[in-house]
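A.B. asks: Before I ask anything, let me first share the structure, which is written out below as structure tokens.
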Amino acid sequence: MRPTTTTTRRRKETSRPSPRPSIKRRKRSGFVNTSLLLLLLLPAKPFLLPAQDPQPARLAGTITAADSRLPIADALVELAEAGLRVRTDLRGRFLLTGIPAGTHTVRIIRMGYDRISDVVRLSPGENRQAEYLLVRSVVEIDPIQVLASRTRLAGEAGEGLPAPGAAHVINRERIASPEFVFGSVHDLLRTVPGVNLQEEDGYGLRPNIGLRASGTERSSKITLMEDGVLIAPAPYAAPEAYFFPTVSRMEAVEVRTGSSQVRYGPRTTGGALNLVSTSIPEEFTWSLDAGGGSESTNRAQGRVGDSGEHVGWLVEGSRVETDGFKHLASGRNTGFLLQDYVAKLRFRTSPGARIYQHLDIKAGYNDERSNETYLGLTDADFRADALQRYPASDPDVMNAEQTQIQLRHFVAARNWDLTTTVYQNNFHRNWYKLQSVLGTDISTLLGDPDAHPTTLGVLKGATSGDDALRVRANNREYVSRGVQSTLGVRADLGSTRHNLELGVRIHEDEEDRFQWEDGFRMVDGLMVQTSAGEPGSQANRVSRADAVALFLQDEVRAGRWTITAGLRHETIDFTRIDFATTDPERTAPTGVRTNSVSVWIPGLSVAARVAPGVEVFSGMHRGFGPPGPGANQDTRAERSWNYELGGRLARSGLSAQVTGYITDYSNILGRATLANSGDGEGNAFNGGAVLVRGLEANVEWDVVADRGLPVRIPLTLAYTYTDATFQGDFESDFDSWGSVRRGDQLPHVAESQLFASLAVAGRMGKITASLTGSTPARTQAGQGPWDPLRSVDGFVVASLSGEWHLHEHGTLFAAVQNLTDTRYSVARRPAGLRPGLPRTVLAGFRLGR
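The numbering used here puts the first residue of the sequence shown at 303, with every later residue one more than the last.
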């Protein structure tokens, strides 16, 4: 089962990008194309709109569990006489519009609960509010709901959020909202408190995500999953997420912090993020989402699926293309083309079978070509024109390809269930990008440009000699595969209800580096190749990890109390094999490094329901992060103790959660990669003791809930406060730390972050205004007065979006992000200042049922 490295594969890897691809393209206006299509659709509106009562009624409400008073998601609400049906959202809310006046029977169906019917009489134009309580069925179980509790971070999908620990879910409604039509996971995650983000390219192609100040470098310090399966290219050996799935094809994004994340691993300090891909629908469903806008942006996404009694299927595809918002003197576009396709197939027994089983098969393919670079700007050039790119970055391009396959078997009986997933992810990328100029690497050059005036001149286009500029083909191939299984047992012992889980994961992954550098000269602002490097001559090595993980967790419910105790064990064996840069056939290694880690990770949380819809919770757990295959003998694993205390409120029209936490590191790790201005070797550095204290708060409130108005006015607030400081003095070769003194703030962590949005939604559409803000952040450890050369800007960005429902199955939308076209810096790494996304406009349409 161990990955292997073959000559055949290396030949495939050495296919390099053309140093000067076709760079002149006639600008296409995706916005104009889409607008013309929308104009063609508008005359059809009278034919698309169904005949309606001139004064239709509305029925809105919430559905909650009778015993816990928690909201119930995915319950079916139907009016048989009117032929209307809808499902509740994550907060248990539903809305039926266009109801003819008269008497109607409301039927509510949710597997695992007794069905109920209610007769209502609605007057013309009436806006009725209702609340329904569902009682748990003593006979029926919902196998899909049970499966969700094994593969999702937020527990049972059907009944609100889990009691123990802080958890947040971004559902389909929000993902598809016009305010997030640009599809960046960064934009979505700004609505979640406790998330630390560092922008890089403005589009979120390679997100830098941290949780509770864990570190943002390529999202390598969190557990990143899709459908409960590790999704980073090599989650143990090389966790930097140079690949990230397309968020617009997800039906939920889940963020989990706190003690119960020990179920997931291997990194348990900050938290876990799980992307939930679109489920196979229970009935025939199709959709088409297309739009265009600024910088010749074009995007389209479609899905279609259906289910019979025993077979279900889904096909989904997404394509996004843009010319990019930065500009090169050569006229070459700085954008990208991204394609993402997924197919699913399910075979199952009848849902009511005494022993229910199903087999899911999932296959995915992702392809990216982006003209992205690691090269930023000096402070002076950023102030002059933040959207420019230096001529030396002209040939930079990323080519990447990812495939995934998952087979998941699920079997459930009355009080037990077993979920087993076999998976394999393959990822190949070659990021061809500028590495050095006149022998000086670009991070050193941009870190102190005044010390290198001649080199800086060549970077900006001054004519040079041959091979003055070195462009590295960062060619790497990854494989990640394994099997994981979770056994769940539900039992009542006396007055307590136990939900016991026992899980195992057997996993292996590999990173294969086979890189080279080409030489260029600069001729009056144009890059001309002057030499070609031999494949493998810059880096020639393989890093591997073999891991076995076990976890045991018991959730005990006794009246209003819930106690969750968990224990995880990780055994990891790392191997790094180096080959000579003159040995592309890898005839014999020049060195082999091995190291192993074995660790127990406990977690405990307690939650109490103090009133209907009101809970308090607290917890503690062990934080852990493996050192990786390139660790030196004195490199220790990352370890911490983590504590949290919080509460949540879930009532009709209002939900809120507030959490305070402390992360007490005995040793924090930093990793030197090219992405964080390091040498690219991936070596880990000890940072010693660090104390992180934080506050997370979020509120979702319908301002006019239960007032009988024909509109909703939802208000969303998310606030994060973080105080992260080193607790000792030391000297570090890790560039982001340097010379550290006790009390220095952790770099790349803003003290305060805020997201706020206010919307007005009615039968015909929705308008949303939002603000995103952050205080400045240091780019190197420090304290006291801010050094403008070692920090990035604070910012406040406003956005506006709207949607108009043409008819039951069609919607127009438009959005403007960064409404005031604010210029601000978001990072100084990998090399130099980088701007946030400027004002960007997108418009389009959605069709489907």
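Virtual Cβ for every residue (Gly too), placed ideally from N, Cα, C. All values reported here derive from a predicted model rather than from experimental measurement.
#1: Hey, quick one: how far does the alpha helix (DSSP H) through G759 stretch, first residue to last?
#2: Helix, strand or coil for P751, going by three-state DSSP, please let me know.
#3: Just to confirm my understanding: we take E740, look at its own chain, exclude 5 residues before and 5 after, and list those with CB closer than 6 angstroms. What are they?
#4: What does the Cβ neighbour count give for M824, buried or exposed, with the cut at 16 atoms within 10 Å?
#5: Taking the C-alpha atoms as reference points, what is the distance between V908 and N473?
#6: Work out the CA separation of Y780 and R1092 for me, nearest whole Å.
#7: Excluding sequence positions up to five away, which residues of its chain have a Cβ less than 6 angstroms from the Cβ of R1148?
#8: For the alpha helix (DSSP H) holding F876, just list the boundary residues, first then last.
#9: From A910, R807, F1097, pick the residue whose C-alpha is nearest to that of L789; which is it?
#10: Let me check understanding here. Comparing Cα to Cα, which of V791, F396, L677 lies closest to W718?
#11: The alpha helix (DSSP H) that contains A686, what's its start and end?
#12: From the DSSP output, read off the bridge partner residues of Y658.
#13: Using a Cβ-Cβ cut-off of 7 angstroms (strictly less than) and excluding sequence neighbours within five positions of V421, which residues of its own chain qualify?
#14: Applying the criterion that 16 or more other CB atoms from any shown protein chain within 10 Å of the CB defines a buried residue, is F853 buried or exposed?
#15: Quick one: which unbroken alpha helix (DSSP H) runs of 4-plus residues sit fully inside the region 965 to 1040? Chain order, please.
#16: Under the three-state reduction of DSSP, which class applies to A1116: helix, strand or coil?
#17: I'd like to know if the region 522 to 534 and the region 899 to 919 are in contact, where contact means that at least 3 CB-CB pairs between them fall below 8 angstroms.
#18: How would you write the range of the beta strand (DSSP E) that I477 sits in, first residue to last?
#19: Taking 7 angstroms as the threshold (C-beta atoms), are T680 and P568 in contact?
#20: Grab me the residues of A539's own chain with a C-beta within less than 8 angstroms of its C-beta, minus the 5 sequence neighbours each way, in chain order.
#21: Need the endpoints of the beta strand (DSSP E) that L1091 sits in, please.
#22: Where S522 and P891 are concerned, what is the direct C-alpha to C-alpha distance, given to the nearest angstrom?
#23: If you follow the beta strand (DSSP E) that H406 is part of, which residue opens it and which one closes it?
#24: Taking its Cβ as the centre, do 16 or more other Cβ atoms sit within 10 Å of G1153, making it buried, or is it exposed?
#25: Nearest to Q840 by alpha carbon, out of R772, L386, A991?
#26: How is the beta strand (DSSP E) around H923 delimited, first residue to last?
#27: Could you compute how far the alpha carbon of I524 sits from the alpha carbon of G572?
#28: Looking at C-alpha atoms only, which residue of G619, A764, N1000, V437 is the closest neighbour of V471?
#29: On the criterion of 16 or more Cβ atoms from any shown chain inside 10 Å, does Q357 qualify as buried, or is it exposed?
#30: Considering only residues of the same chain and omitting the five flanking positions on each side of Q641, which have a CB-CB separation below 6 angstroms?
#31: Looking only at DSSP bridge pairs, what is K664 linked to?
#32: Between the alpha carbons of F396 and G955, how many angstroms are there, rounded?
#33: Can you tell me whether H612 is helix, strand or coil according to DSSP?
#34: Alpha carbon to alpha carbon, how far is R995 from G962?
#35: Classify A346: buried if its beta carbon has 16 or more other beta carbons within 10 angstroms, exposed otherwise.
#36: Go through the region 367 to 400 residue by residue and report every complete run of the beta strand (DSSP E) that reaches 3 residues or more, in order.
C.D. replies: If we stick to the structure as given:
#1: As a working note, residue 759 is residue 457 in the sequence shown. 755 to 761 is the span of the alpha helix (DSSP H), which, as asked, contains G759.
#2: In the sequence shown, residue 751 corresponds to position 449, counting from 1. DSSP places P751 within a helical segment (H, G or I) once states are collapsed to three.
#3: The residue given as residue 740 occupies position 438 in the sequence shown. The sequence as given places Leu at residue 740; Glu does not occur at that position. Answer for L740: T757, A770, listed in chain order.
#4: Residue 824 sits at position 522 when you count from the first residue of the sequence shown. By the C-beta density criterion, M824 is buried, having at least 16 other C-beta atoms within 10 angstroms.
#5: By 1-based counting over the sequence shown, the position of residue 908 is 606. By 1-based counting over the sequence shown, the position of residue 473 is 171. Whole-angstrom Cα-Cα distance: 26 angstroms.
#6: Working through the sequence shown from its first residue, we reach residue 1092 at position 790. Working through the sequence shown from its first residue, we reach residue 780 at position 478. Going by the C-alpha atoms only, they are around 34 angstroms apart.
#7: Along the sequence shown, read from residue 1 onward, the residue named residue 1148 stands at position 846. D591, T1113, listed in sequence order.
#8: Numbered from its first residue, the sequence shown carries residue 876 at position 574. No alpha helix (DSSP H) holds F876; the beta strand (DSSP E) holding it covers 863 to 881.
#9: Translated into positions along the sequence shown, residue 789 becomes position 487. It is R807.
#10: Counting from 1 along the sequence shown, the entry for residue 718 is found at position 416. Relative to W718, the option among V791, F396, L677 whose CA is nearest is V791.
#11: If you number the sequence shown from 1, residue 686 lands on position 384. Residues 681 to 686.
#12: Within the sequence shown, the letter at position 356 stands for residue 658. DSSP lists A714 as the beta-bridge partner residues of Y658.
#13: Reading the sequence shown from its first residue, position 119 is the one you call residue 421. Once the five neighbours on either side are set aside, the close Cβ partners of V421 are T405, T407.
#14: Here residue 853 corresponds to residue number 551 of the sequence shown, with the count starting at 1. Looking at its Cβ environment, which holds 16 or more other Cβ atoms inside 10 Å, F853 is buried.
#15: Whole alpha helix (DSSP H) segments, 4+ residues: zero.
#16: Numbered from 1 along the sequence shown, position 814 holds the residue referred to as residue 1116. The answer is strand: DSSP assigns A1116 an E or B state.
#17: No: fewer than three Cβ pairs fall under 8 angstroms.
#18: Counted from its first residue, the sequence shown places residue 477 at position 175. First-last for I477: 474 to 477, but that is the alpha helix (DSSP H), not the beta strand (DSSP E).
#19: Within the sequence shown, residue 568 is the residue found at index 266, counting from 1. Within the sequence shown, residue 680 is the residue found at index 378, counting from 1. The answer is no: Cβ separation not under 7 angstroms.
#20: Within the sequence shown, residue 539 is the residue found at index 237, counting from 1. Once the five neighbours on either side are set aside, the close Cβ partners of A539 are D811, E812, E813, S845, R846, A847, F876, G930, P931.
#21: As a first step, residue 1091 must be located in the sequence shown, where it is residue number 789. For L1091, no beta strand (DSSP E) run applies, since DSSP gives it neither H nor E.
#22: The count along the sequence shown starts at 1 and reaches residue 522 at position 220. The count along the sequence shown starts at 1 and reaches residue 891 at position 589. Going by the C-alpha atoms only, they are around 28 angstroms apart.
#23: As a position in the sequence shown, residue 406 is number 104, starting the count at 1. Counted as a single uninterrupted DSSP element, the beta strand (DSSP E) harbouring H406 occupies residues 404 to 411.
#24: Because residue 1153 is not part of the residues shown, which for the chain are 303 to 1151, the question remains open.
#25: If you number the sequence shown from 1, residue 840 lands on position 538. Q840 has its Cα closest to that of R772, out of R772, L386, A991.
#26: Walking along the sequence shown from the start, residue 923 turns up at place 621. Where H923 is concerned, the enclosing beta strand (DSSP E) starts and stops at 916 to 927.
#27: As a first step, residue 524 is located in the sequence shown; it is residue number 222 there, counting from the start. As a first step, residue 572 is located in the sequence shown; it is residue number 270 there, counting from the start. G572 has its alpha-carbon roughly 6 angstroms from the corresponding atom of I524.
#28: Within the sequence shown, residue 471 is the residue found at index 169, counting from 1. Distances from the alpha-carbon of V471 to those of G619, A764, N1000, V437 put N1000 closest.
#29: Start at 1 with the first residue of the sequence shown, and residue 357 comes out as number 55. Answer is exposed; the Cβ neighbour count stays below 16.
#30: Residue 641 sits at position 339 when you count from the first residue of the sequence shown. Closer than 6 angstroms at Cβ, skipping near neighbours: R621, D669.
#31: The residue labelled residue 664 in the question sits at position 362 within the sequence shown. K646, Q708.
#32: Looking up residue 396 in the sequence shown gives position 94. Looking up residue 955 in the sequence shown gives position 653. Straight-line Cα distance between these residues: approximately 11 angstroms.
#33: Start at 1 with the first residue of the sequence shown, and residue 612 comes out as number 310. Under the three-state reduction of DSSP output, H612 falls in the coil class, being neither helix nor strand.
#34: Translated into the one-based positions of the sequence shown, residue 995 becomes position 693. Translated into the one-based positions of the sequence shown, residue 962 becomes position 660. Spanning the two alpha carbons is a distance of roughly 8 angstroms.
#35: Counting from one through the sequence shown, the residue named residue 346 turns up at place 44. Confidence in A346 is poor, its pLDDT being 37 and thus under 50, which makes the residue's placement unreliable; the coordinate value appears in the next sentence. For A346, the number of other beta carbons within 10 angstroms of its own is below 16, and it is reported as exposed.
#36: Listed in chain order, they are 378 to 381, 386 to 389.
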